[in-house]
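Enquirer: Here it is, the structure, as structure tokens.
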Amino acid sequence: MNNFNYIQVANDTDAIEELTSNKEGQFIAGGTNLIDLWKYNLTHPGTVIDISGLKGCNTINEDENGGLLLGALATNADTAYHPLVEKYYPLLSKAILAGASAQIRNSATNGGNLLQRTRCYYFYDASSPCNKRNPGSGCPAIEGQNRMHAILGFSDRCIAVFPSDMCVALAALEAVVNVKGPNGKRAIPFAEFHRLPGERPELDNNLDAHEIITNISLPEEGFEENYSYLKLRDKNSYAFALVSVATGLKLNGGNIDSIRIALGGVAHMPWRVPEAETYLRGKEATEENFSAAAAILMRDAKGFGHNDFKIELAKRAIVRNCLMALDPKSQRPGAQPSL
Amino acid sequence: MTNDTIHFKPHSTQFIVNGKEVVLQFLPWVSLLDALRDHCKLTGTKKGCDHGQCGACTIIFDGKRILSCLSLAIMKTGCSITTIEGIAIGDDLHPLQTAFIAHDAFQRGYCTPGQICSGIAMLQEGKASTREEVKELMSGNLCRCGANNNIIDALMEVKEKQDYE
Amino acid sequence: MNTQQQVGKPISRLEGRLKVTGAAKYSGDYDVPNLLYGYIVNSTITKGKILDIDESQARALPGIIAIFSHKNRPSLPWFDIMYMDMDAPPGSPFKPLYDDHIKYNGQPIALLVAESFELARYAASLIKVSYEKESFNTDLEANIKKSRSPRKGMATLIKPLPPSPKGDFEKAYADADAKASGDFVHGTEHHNPLELFATTTIFEGDGKLTVYDKTQGTSNCQVYIANVFGLHYKDVRVLSPFVGGAFGSGLRPQYQLFLCVMASLELKRNVRVTMDRKQMFTFGHRPQTVQTTRFGATSDGILTAIDHTAIAETSQFEDYTEVVVNWANILYPAKNTKLDYKLVPLDVYTPIDMRARRKYRNARY
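Protein chains in written order, with my numbering: chain A, 6 to 344; chain B, 0 to 164; chain C, 3 to 367.
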């Protein structure tokens, strides 16, 4: 970890100004991913701008459209356990609680969760080539160890996956990320916030260089009656997903009125295929129909040797999770399989 | 990083650690864990991985359990911190400490300070009802000696007795 | 006290109170005045040679006290016997910082010593090493054809090699009423105790050292330090009252002990060196093994034929052995046995004992 300058800011305008005027400036809030990256010498801040005390950014409030505004600086724990989130957006609560550990959730913020970096072994090894850290140096994962890596949306430059659980639920809920920068405010639909690696794997998301996330809007629909988050990993808890699935659905009798399915652990961003959701609309909530939707979601999936198992695992996980969503009370801690 | 961008400007930092005020100067890069161990000489909190993966460095900060290895000391100025050294009151052990001894909830004992701080905070969070939920909410604390079941037994005993202020 | 009355009753650990209050001190906990901190740099290639170490950026930092490498290490003994600790397997012990050769994956190549831990760690990241790489072998299965019999030595007296074949296994197996066979592959396993390996050396002056070391053998470390650094063993005091887990990894002196003591003697200062978690994967570990088994039995279940071969990895410089295949015939003696144990030297550090069962990665049967 290099030595760096440290300043505190009290509001988002000052924060943006400091970031704009300081070369190699980085915001810090909870620091649970950043400090880790610094210790591994993966990023080298020149000036660390402490935004953890920013006024008004750590609250959770109802908004005028019947939805919810999650402050970017609210902790993951405070968000997951907030009465309004637990009641109206239980899918989000369950997804957050499936991630990291209780200690990390007490420090990590919502904004930070969206901006966390991949945990690819080669990205995390400063002595290894990595197109994300060092564009043009190569991607050793493609021919190397790739158990945790992507099976969808990859490019020949990068097969990393995005590790957040919270974001899989936010993708399914069609949240909106509200940001502010030197050119003013804008609202980024969740599906447009993160990027696929393409030719620029060094870019994880579509934030401009000096923008700050202020809050995340959740629309009114939270799928509070039928939802499920399933996380499959090498340990029962405290490990990143190999495959995870977030499902929210609304039933009309035994038929699906609307459904959202998002996958984690399989791509550089949460994976949704609207065609799979459209396919299920109006159909019966059966294993057979969920299987057909899973096939659409996994179309074009390809493994790289050590992660081939993810393709079949994901198909089964999608079906299982959609069935689990029919009975949320049966769900177990740690987003483990139930039924 | 080139040398001309190095800044060596310590920041004055004030914490309340285990009820006592501590005022020290830290460079920004000092973690809360290293501040407690090397500067405050409170070596009860342990460094198991220094990367937030083992939970041995768990302390209680403003009533919440956090990882001190993933916190910068200067960012916690003005805060109240409880370490393992502050859990017992004089010679009187906290009920969880007594339960750990009674249930043999440790062998080598290196994970123990983190387990106890994490466990007390977990009980106070009040989010675990069943044994399975206790296990899930303690999953951020690793034990390599295999005392896990005994740790959960100790926690369940204290939870049942509601004896954990 | 009637001892019999105590048998079968649960009893609390004597040191329990110390552990649950954080009062038990481990090797990196001791409050030592005027302490310097060391941070180790490891090779980023598996095999080859160091061509150059560029220390310029590290040296430019204020507060850096010393940088040790093979280029400037103190004079060290040449004879293997001076480095042989009590648990050393047959072969040639590794000598840290001895020369510019990189022999194995993760080899330590330098030590930064500074006034603070953070400075030592940062300076370590600024060291730039250029290497001449050689091809390497770290995969047991890919190199299985290179297997050979282990060298004999003190270790094989304590850990006997398999007995010679008995009877005629092939015939007995062919004639057996019932047969079973299976191949098993076990991956490398690392001890990874919670406590990071650490040494705190107090330079007492007058040729004396007090060393707090994470070890399962304080006498072993005492004699090792005395031999390697030319001290009288009575002048070296090694203490390790509490160990935060070792599971076998502490049976031999680890390289942070060598580096810490070396720095303390050279600088005439108190020094602490703690490994980081990545470095905990770079020393003794449970070796990879490939095991093939064939069993023949009569129809009423009496084993008549046992064939068990284990091939394990070791380093290029020491033959670490385990007793793997002897057990089947000890537990269930059969008239016809073929037991064999071989090693494949790989470019890794020498394996070491590990308590608790190993877990197989692949099985075909």
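Each residue gets a CB set at the ideal place from its N, CA and C atoms; glycine is no exception.
Going by beta-carbon coordinates alone, are K51/C and H103/C separated by less than 8 Å?
Expert: Contact flag set, yes.
Enquirer: Using the Cα positions of R357/C and M153/A, report the straight-line distance between them to the nearest angstrom.
Expert: 29 Å
Enquirer: Spatial neighbours of A246/A within its chain, please: CB distance less than 6 Å, with the 5 preceding and 5 following residues excluded, ordered by chain position.
Expert: K236, R238, G269, G270
Enquirer: Quick one: what's got a C-beta closer than 6 Å to R277/A's C-beta in the same chain, skipping five residues either side?
Expert: A176, A267
Enquirer: Taking 8 Å as the CB-CB limit, is R123/C close to chain A?
Expert: yes
Enquirer: What distance in whole Å lies between the Cβ atoms of N115/A and A79/A, which are believed to be in contact at a cut-off of 8 Å?
Expert: Yes, they are in contact, since the Cβ atoms of A79/A and N115/A sit about 5 Å apart, within 8 Å.
Enquirer: Taking Cβ positions only, does E117/C come closer than 8 Å to chain A?
Expert: no
Enquirer: Less than 8 Å between the C-beta atoms of G117/A and G35/A, yes or no?
Expert: Result yes, Cβ atoms of G117/A and G35/A sit closer than 8 Å.
Enquirer: Name the chain A residues whose beta carbon is nearer than 8 Å to that of E120/C?
Expert: M6, N8
Enquirer: Quick check: what's the CA-CA separation for L254/A versus L285/A?
Expert: 10 Å
Enquirer: Using a beta-carbon distance below 8 Å, is Q150/A in contact with chain B?
Expert: no
Enquirer: At a Cβ cut of 8 Å, what residues of the region 89–120 of chain A count as close to chain B, listed as they run along the chain?
Expert: A105, S106, A107, Q108, I109, N111, S112
Enquirer: Between which residues of its own chain and N66/A is the CB-CB distance below 6 Å, once the five residues before and five after are set aside?
Expert: L74
Enquirer: For a quick check, are the C-beta atoms of K27/C and Q318/C less than 8 Å apart?
Expert: If you check the CB distance, K27/C and Q318/C do not come in under 8 Å.
Enquirer: Using 8 Å as the limit for Cβ to Cβ distance, is T46/C near chain A?
Expert: yes
Enquirer: At the 8 Å Cβ level, is K40/B part of the contact set with chain C, yes or no?
Expert: yes
Enquirer: Can the beta-carbon of G40/C be found closer than 8 Å to that of A125/C?
Expert: no
Enquirer: Output needed for P112/B: all residues of its chain with C-beta closer than 7 Å, excluding positions within five of it in sequence on either side, in chain order.
Expert: G43, T44, K45, I83
Enquirer: Taking its Cβ as the centre, do 16 or more other Cβ atoms sit within 10 Å of V22/B, making it buried, or is it exposed?
Expert: exposed
Enquirer: What are the residues of the region 23–48 of chain A that lie near chain C, defined by any Cβ-Cβ distance shorter than 7 Å?
Expert: Near chain C, meaning a CB-to-CB distance below 7 Å, the residues of the region 23–48 of chain A are N46.
Enquirer: For Y334/C, does the count of other Cβ atoms within 10 angstroms reach 16, so buried, or fall short, so exposed?
Expert: exposed
Enquirer: Does any residue of chain B bring its CB to less than 8 Å from the CB of L198/C?
Expert: Residue contact with chain B for L198/C: present (Cβ-Cβ distance below 8 Å to some residue of chain B).
Enquirer: Between the alpha carbons of A144/C and F283/C, how many angstroms are there, rounded?
Expert: 21 Å
Enquirer: Beta-carbon within less than 8 Å of G209/C's beta-carbon, same chain only, minus the 5 sequence neighbours each way: which residues are those?
Expert: L233, H234, D237
Enquirer: If you draw a straight line from the alpha carbon of Q114/B to that of L141/B, how long is it in whole angstroms?
Expert: C-alpha of Q114/B to C-alpha of L141/B: approximately 8 Å in a straight line.
Enquirer: What residues from the region 67–88 of chain B come within 7 Å of chain A, judged by C-beta to C-beta, listed N to C?
Expert: Of all residues in the region 67–88 of chain B, L69, S70, L71, I73, M74 have a Cβ within less than 7 Å of some Cβ in chain A.
Enquirer: Excluding sequence positions up to five away, which residues of its chain have a Cβ less than 6 Å from the Cβ of T4/B?
Expert: In this predicted model, T4/B has a pLDDT of only 45, less than 50, meaning its place in the structure is not dependable enough to derive any value.
Enquirer: Assuming Y232/A is part of the beta strand (DSSP E), what are its boundary residues?
Expert: Unbroken beta strand (DSSP E) run through Y232/A: 232–237.
Enquirer: For P255/C, which residues in the same chain have their Cβ closer than 6 Å to its Cβ, ignoring the five residues on either side in sequence?
Expert: A distance below 6 Å between beta-carbons, with the five flanking residues on each side excluded, links P255/C to the following residues of its chain, in chain order: D87, C223, Y226.
Enquirer: Go through the region 217–285 of chain C residue by residue and report every complete run of the alpha helix (DSSP H) that reaches 4 residues or more, in order.
Expert: 220–231, 257–269
Enquirer: Along the alpha helix (DSSP H) that carries S127/C, what are the first and last residues, could you check?
Expert: 119–128
Enquirer: Using beta-carbon positions only, say whether S249/A and V324/A come within less than 8 Å of one another.
Expert: no
Enquirer: Taking contact to mean at least 3 C-beta pairs separated by less than 8 Å, is the region 23–31 of chain B in contact with the region 83–97 of chain B?
Expert: no
Enquirer: Just the Cα atoms here: how many angstroms apart are L16/C and L196/C?
Expert: 21 Å
Enquirer: Chain B partners of D355/C, CB-CB under 8 Å?
Expert: Neighbours of D355/C on chain B: none; closest Cβ ~16 Å, over 8 Å.
Enquirer: For W80/C, count neighbouring C-beta atoms within 10 Å of its own C-beta (all shown protein chains included) and say buried if the count is 16 or more, exposed if not.
Expert: Taking every protein chain shown into account, the CB of W80/C has fewer than 16 other CB atoms within 10 angstroms, so this residue is exposed.
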